[in-house]
Every structure is written in C-alpha cells, then in structure tokens.
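Data block below; observations after.
Protein chains: 2
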Amino acid sequence: MYNNAGKRKKVKLSEMIQYPNGKKDVWQPKLHSASQRGMNLEKDLNTTNAYYLGQDIAVIHKKPTPVQIVHVDYPRREAAKITEAYFKVPSTTDYNGIYKGRYIDFEAKECQAKTSFPLKMLFAHQITHLKSVVRHGGIAFLVVRFTSMEVTFLADAEKVALFNENGGRASIPYSWFLEHAYPIDGSYAKPVDYLKVVDKIYLQ
Amino acid sequence: MYNNAGKRKKVKLSEMIQYPNGKKDVWQPKLHSASQRGMNLEKDLNTTNAYYLGQDIAVIHKKPTPVQIVHVDYPRREAAKITEAYFKVPSTTDYNGIYKGRYIDFEAKECQAKTSFPLKMLFAHQITHLKSVVRHGGIAFLVVRFTSMEVTFLADAEKVALFNENGGRASIPYSWFLEHAYPIDGSYAKPVDYLKVVDKIYLQ
Numbered sequence: 620m621y622n623n624a625g626k627r628k629k630v631k632l633s634e635m636i637q638y639p640n641g642k643k644d645v646w647q648p649k650l651h652s653a654s655q656r657g658m659n660l661e662k663d664l665n666t667t668n669a670y671y672l673g674q675d676i677a678v679i680h681k682k683p684t685p686v687q688i689v690h691v692d693y694p695r696r697e698a699a700k701i702t703e704a705y706f707k708v709p710s711t712t713d714y715n716g717i718y719k720g721r722y723i724d725f726e727a728k729e730c731q732a733k734t735s736f737p738l739k740m741l742f743a744h745q746i747t748h749l750k751s752v753v754r755h756g757g758i759a760f761l762v763v764r765f766t767s768m769e770v771t772f773l774a775d776a777e778k779v780a781l782f783n784e785n786g787g788r789a790s791i792p793y794s795w796f797l798e799h800a801y802p803i804d805g806s807y808a809k810p811v812d813y814l815k816v817v818d819k820i821y822l823q
Numbered sequence: 620m621y622n623n624a625g626k627r628k629k630v631k632l633s634e635m636i637q638y639p640n641g642k643k644d645v646w647q648p649k650l651h652s653a654s655q656r657g658m659n660l661e662k663d664l665n666t667t668n669a670y671y672l673g674q675d676i677a678v679i680h681k682k683p684t685p686v687q688i689v690h691v692d693y694p695r696r697e698a699a700k701i702t703e704a705y706f707k708v709p710s711t712t713d714y715n716g717i718y719k720g721r722y723i724d725f726e727a728k729e730c731q732a733k734t735s736f737p738l739k740m741l742f743a744h745q746i747t748h749l750k751s752v753v754r755h756g757g758i759a760f761l762v763v764r765f766t767s768m769e770v771t772f773l774a775d776a777e778k779v780a781l782f783n784e785n786g787g788r789a790s791i792p793y794s795w796f797l798e799h800a801y802p803i804d805g806s807y808a809k810p811v812d813y814l815k816v817v818d819k820i821y822l823q
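Structure below.
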C-alpha cells in the first residue's frame, strides 16, 4: 500500500481503521505480512484449513473443481486417463465444513480491482446458496482479498446479498468492505485465520 | 429378492425385519420399489437432494469428483478444454451440507456383494474424516445399497468405525446391517429419503 503508493490511488490508513459508527471492534490487518504477499488466496486458505484440521480445530475443505468428463482412456485398469473434459459452473461455493458444531460455508475471491469488488465474480445461484445456508442455521460468508491492498476481508453473506438486492450496482466499493466487512489477520501457520473472525462475529 | 430368488442365496423376509433386541423401531424397506430398481445410488441421491433443496428442507450436495488437471487447451478463452487429467483419491466423503442447523456428512456406496460390504470400498482417511465430523458435533454416516437385495441402509459412522477397529475383518456382514443399521425408505420424488432416518436416529 505504501511501498507501491506511486502506482495507484493512495488509501490513507486512517480511512481503513476508522468506522463511522464507532461501534465495530475491528483489529488492524497486517498490510505487509510476508505470509500474504505474493501467495494466492486459495493456497493460503488451504494452508489455513490444513492447520485447523491438524490441530483438530475445524474440518473445512475446499471442494474439487467441477469438471464435465467427456472421454476417458483406460490403457490399464489402474491408470484411467481423462482425455476430454470441460470446466463446469460450480453449483455451490468452494469451501464448507464444520466448526464448533456449526456448518460453515463460504466462497473465496481474489480481486485485482483496487476500488471495488465486481459482483460478476459471483454467480447469482452462489448468493442464493449462501442465503439458504443461513436460513438453515449455518454460517455463510465471502472471503475477498484485494490483492493490490494486501488485505483480506470476511463479508457476511446476508450483508452481501442485501447490497446485491438493494443496490442495483455492478460492484461493491472498497469503502463498503471497510465499513461492513472484517479484515482477516494471519500468521505463517494460518495465513488467513478466518475462524478468529467467525468467533468474533458469529459465535459470541 | 423373490423374483430372482433362484439366482442367489435366499434371504427370508423375517430375517430382515426381526431385530434381536426388539428395541429398534425400523420400518420395512420397499424391496421392489420401481423407483429404486435399476437406478444407481448416486442418481437416486441426487434426485433426493434436489427434492430436499427444492422444498427448502436441507442444503446437501454431492461434491465434484476430484481430478488432477495436467493439461488444458485454450482454443478460445471461453472454451477451455482439458486434454489430460487423472482421477484423484477423494480427501473426504462425497456428500455434505446442512439440515435443521446440523452439519451432515456421508459417503455412499453401492455394494454388489450379497452377504457383506467390503471395507476396502472405504479409504481409511474417509473413516477418520467421518469420526472428526462427529467429534466436532456433526452427523456422519454411510449410505450403503446392497444392489442384489434392493435395500439401502444408513449406517452410523461411529458404529462402522468401531466395527472396523475391533473386528479385524475385511468386510461387514449383511447381518450386521440388519442389526445395527437402518433401512432407508423412498418414493418417486425422494428415492433415498435418508433424512427421515436422520430425524429418527439423530434428532429425536
């Protein structure tokens, strides 16, 4: 954010941690954390989920990428080779599992844009899915990383759905995340420690 | 079971519905249900889950088949074609989701053998996974269909794990399912109505 200030619109630190209503208890993200810089979000989430699993904190996995398999060669029975397949639209979200007895479900997106998160990065049925999860008593959210800011947010699914339904806007401004979402802290062992945020906003 | 009796060892109906301890309140499976005969378990579960989703009863999906993608052709940007990929060992189970606020996780297997379910059909880490789910407060089980019997059972994951740990046996006999598991009834709209069993054995 600062070391690259000349390359993009500068965002003041004060803009990031001041909240208009003064009610939110939000900790400051590690903007220059070595663990986050240059690694992608999926890798960081996999590392984090492996940590949660290894420490028996939670059982949360990324779902496999959905693929439509058209042709498979069987040179040997034990070595089937898929020779024609296509990527399919995922019917749900990427991550789900269980934490402290609660069903957890979220979608993760890396956003290159600096000033807003384009809603076209989500499918309408993914938002529908997340709303269903909430209706059935689960915890549903988005994890959005603004790569240029080196900040990762947890945004509650219902708030995102509300923005999507009321706004008529094509993207969610960065300022909305500062006001309505929660920065996710991390460390080497758990680069995106989103369950700390889940504890704070859903389980207290 | 009866119309094909000559082709295999005959199992008496009385053997299927009598329970030694007399405690279980188990309903009789529809042995000749047209909806089950000739359809495979995955298709039946997908139909059932679509019904649950459509009626807003539960949000439970099959996970995509995990595939290791090695090579992708991009003739056009919007039409990526996977030309080399391999099936991967699934890290968890096939199905999970949420029902009445509870995390649900299960593996489904169709069993061709008539007298037992071979444990080699499950990976050790899948049993470990199901035990973790239970430890974190979720509901975990197997759905096993004996195709020759036209009967589908729900078997609690902890009971299966216990059998696996104590038995030193390579397969679970059919008689074990009659005593320790629960037949799953169905209808055209929900061919494998496993949530009825979940209600009965986990949520009462």
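Protein chains in written order, with the working numbering: chain A, 620 to 823; chain B, 620 to 823.
Cβ atoms here follow ideal geometry from the backbone N, Cα and C, with glycine treated the same way.
Keep in mind that this is a model prediction, so the values were computed, not measured.
Neighbours of ALA743 of chain A in chain B, taken as residues at a C-beta separation under 8 Å, are lacking, since the least C-beta distance is about 16 Å. Counting of Cβ neighbours within 10 angstroms places THR712 of chain A among the buried residues, the total reaching 16 or more. Remark: C-beta atoms of CYS730 of chain B and PHE765 of chain B approach each other more closely than 8 Å. The three-state reading of DSSP puts HIS755 of chain B in coil, since its state is none of H, G, I, E or B.
Put simply, of B:VAL689, B:SER710, B:PRO709, B:VAL708 the residue whose alpha carbon is nearest the alpha carbon of LYS700 of chain B is B:VAL689. In this structure, the alpha-carbon of ALA789 of chain A lies about 9 Å from that of SER735 of chain A.
Bridge pairing for GLN745 of chain B: absent [DSSP]. LEU664 of chain B places its beta carbon 8 Å or farther from that of VAL816 of chain B. Contact check for ILE746 of chain A against TYR722 of chain A fails: the beta carbons are separated by 8 Å or more. Cβ neighbours of MET740 of chain B within its own chain (closer than 8 Å, five residues either side excluded): LYS728, CYS730. Rounded to whole angstroms, ALA776 of chain A and GLY786 of chain B show a C-alpha spacing of 46 Å. Among the residues facing chain A, GLY757 of chain B is included, as its CB has a counterpart in that chain under 8 Å away. The C-beta distance from PHE742 of chain B to PHE772 of chain B rounds to 20 Å, too long to fall under 8 Å, and the pair is not in contact.
From the listed residues A:GLU769, A:VAL762, A:VAL770, A:SER767, the smallest Cα separation to LYS778 of chain A is found for A:VAL762. Between VAL708 of chain B and HIS799 of chain A, the alpha-carbon positions lie close to 40 Å from each other. Around TYR821 of chain B, the same chain offers ILE758 as residues with beta carbons nearer than 7 Å, after the five sequence neighbours per side are excluded. Cβ atoms of GLY720 of chain A and VAL678 of chain A stay farther apart than 8 Å, at about 11 Å.
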